[in-house]
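*Asks:*
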Amino acid sequence: MSMVSLQSRRRIETPSPPPRPPSALRLRVYSGFVGVPLVLGAIYLGVPTTAALVSLASVIAMFEFHRMTIRAGTTPIFFLGVTGVVLFIVARVVEFNFLNMLITGTVLAPLYILLLTPPRERFLADWAWTLAGVFFIGWTMSHAVLIRRLPDGRDWLFTGVILVFAIDSGAYIIGHLIGTHRMAPNISPGKTWEGAAAGVVFGIVASVSACAAYGLPISSGQAALLGFLISVISQMGGLANSMLKRTAGVKDSGGLIPGHGGLLDRLDSLIPSVVVLYYFLTEGIGVK
-13 MSMVSLQSRR RIETPSPPPR PPSALRLRVY SGFVGVPLVL GAIYLGVPTT
37 AALVSLASVI AMFEFHRMTI RAGTTPIFFL GVTGVVLFIV ARVVEFNFLN
87 MLITGTVLAP LYILLLTPPR ERFLADWAWT LAGVFFIGWT MSHAVLIRRL
137 PDGRDWLFTG VILVFAIDSG AYIIGHLIGT HRMAPNISPG KTWEGAAAGV
187 VFGIVASVSA CAAYGLPISS GQAALLGFLI SVISQMGGLA NSMLKRTAGV
237 KDSGGLIPGH GGLLDRLDSL IPSVVVLYYF LTEGIGVK
C-alpha cells in the first residue's frame, strides 16, 4: 500500500472534533429572546397577568431558595414559605386588605409549627430562614404589582425591567472585556469594579432614555438619579445572592435558565430594584 493511500485512509478515519458548546454569553442572549417578551407581555396585559407572572416566578425562586438553605444545613418550612409568597402578591391585587394579618401569620405560624415538630436543635435557624424566604422573595416582589397599579404603571415597570437588563448586561460585558480589579473576590470572584462602574453608566443612560421614550412625568435629573440608585442596589442584590450561594456551597441557585443558572440568579437584581423603584416613585417624586 502506498504512502499516499495510507495518509488518505488516516484522514478519512480521523474522527472530527466534538462540537463546541455555546458560550455563556450566547446562552444569555438566547434566554433573553425567550424571557424578555414573556415578561413584557405579561406586564402589558394588565395587573392580573403581572401578578400571575410574579407569583409563578416567586414560587420557583422560593423553591430554589429552600433548596439552598437545606444545603446550608437548615430546614425551613417550604409549604408555609410558598403560601406566604403567593398571599403577599395576592394581597396587592384584591381590594380586601389583609396585609397586617398576613404579616402576623407569617411570623407566628412557622414559630408554632416548629415548636411541635422535632427535631428542635435548629429551631431558631429554621424559623429565621422560613421568614427570610417569604420576605426576601414574596414581600419584595409584590412591589412589582404595586408599581403596575400606579398611574403609568405599565411604563414604569417596563422601565424598571429595562434598567435591570441594561445594568446586568453592561456590568457583565465590560467586566469580562476589561475588568481586572475584583470587587468582592471572597463572595463573587467574577465581579469587578470596572464592570460595576459600567453597570452604573448603563443604568443612568437607560433610565434617562427609557423615561424620555415613554414620556413619563420625571425630569432628566430625577431619571438619572433613579438610574444611579437602581444600578447600585441591583448590583448589591447580585452580591447578596452570591453570598447565599457561597453559604450553601453551590455555583448556581438552579439550572432553569441557560446561561444564567436558576431563576433566583436572574431575579437577584430585580428583587431590590422594584422596591427602590416603587418608593422612589411614591415617596420621592409623588406618583400616587
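Under our numbering, the letters of the sequence shown match residues -13 to 274, in that order. All C-beta atoms in this analysis are idealised placements derived from N, C-alpha and C, irrespective of residue type, glycine included. Given the structure is predicted, the values throughout are model-derived calculations rather than measurements.
1) Grouping DSSP H, G and I as helix and E and B as strand, with all else coil, what is S255?
2) Please classify R252: is it buried, with 16 or more other beta-carbons within 10 angstroms of its beta-carbon, or exposed?
3) Please report the distance separating the alpha-carbon of N227 from that of Q208.
4) Decide if G223 is buried, meaning its Cβ has at least 16 other Cβ atoms within 10 Å, or exposed.
5) In the DSSP assignment, find the unbroken beta strand (DSSP E) run with T178 in it and report its ends.
6) Inspect the beta-carbon positions of R134 and V33 and report whether they are closer than 8 Å.
7) For I216 versus S259, is the C-beta distance shorter than 8 Å?
8) For A58, does the three-state DSSP call read helix, strand or coil?
9) In three-state DSSP terms, what is G247?
10) Exposed or buried, P96, counting other C-beta atoms within 10 Å across all chains shown (16 or more means buried)?
11) Are G189 and I153 closer than 8 Å when you measure CB to CB?
12) Which residues in the same chain as L(-8) place their Cβ atom closer than 8 Å to its Cβ, once the five residues preceding and following it in sequence are excluded?
13) Count the other C-beta atoms from every protein chain shown that fall within 10 angstroms of the C-beta of Y206, then say buried if there are 16 or more, exposed otherwise.
*Replies:* In short, the structure shows the following:
1) Note: S255 maps to coil in three-state DSSP.
2) R252 should be labelled buried.
3) Distance between the alpha carbons of N227 and Q208: 28 Å.
4) Buried, because 16 or more other Cβ atoms sit within 10 Å of the Cβ of G223.
5) 174 to 178 is the extent of the beta strand (DSSP E) around T178.
6) Yes. Within cutoff.
7) Contact flag set, yes.
8) In this structure, A58 counts as coil in the three-state DSSP scheme.
9) Strand at G247.
10) So P96 ends up on the buried side.
11) In terms of Cβ geometry, G189 and I153 form a close pair [threshold 8 Å].
12) Any reading at L(-8) needs caution, since the residue's pLDDT is 48, under 50, leaving its predicted position unreliable; the model's value is listed next. So no residue of the chain qualifies.
13) Going by the sequence as given, residue 206 is Ser instead of Tyr. Exposed is the label assigned to S206, since fewer than 16 other Cβ atoms lie within 10 Å of its Cβ.
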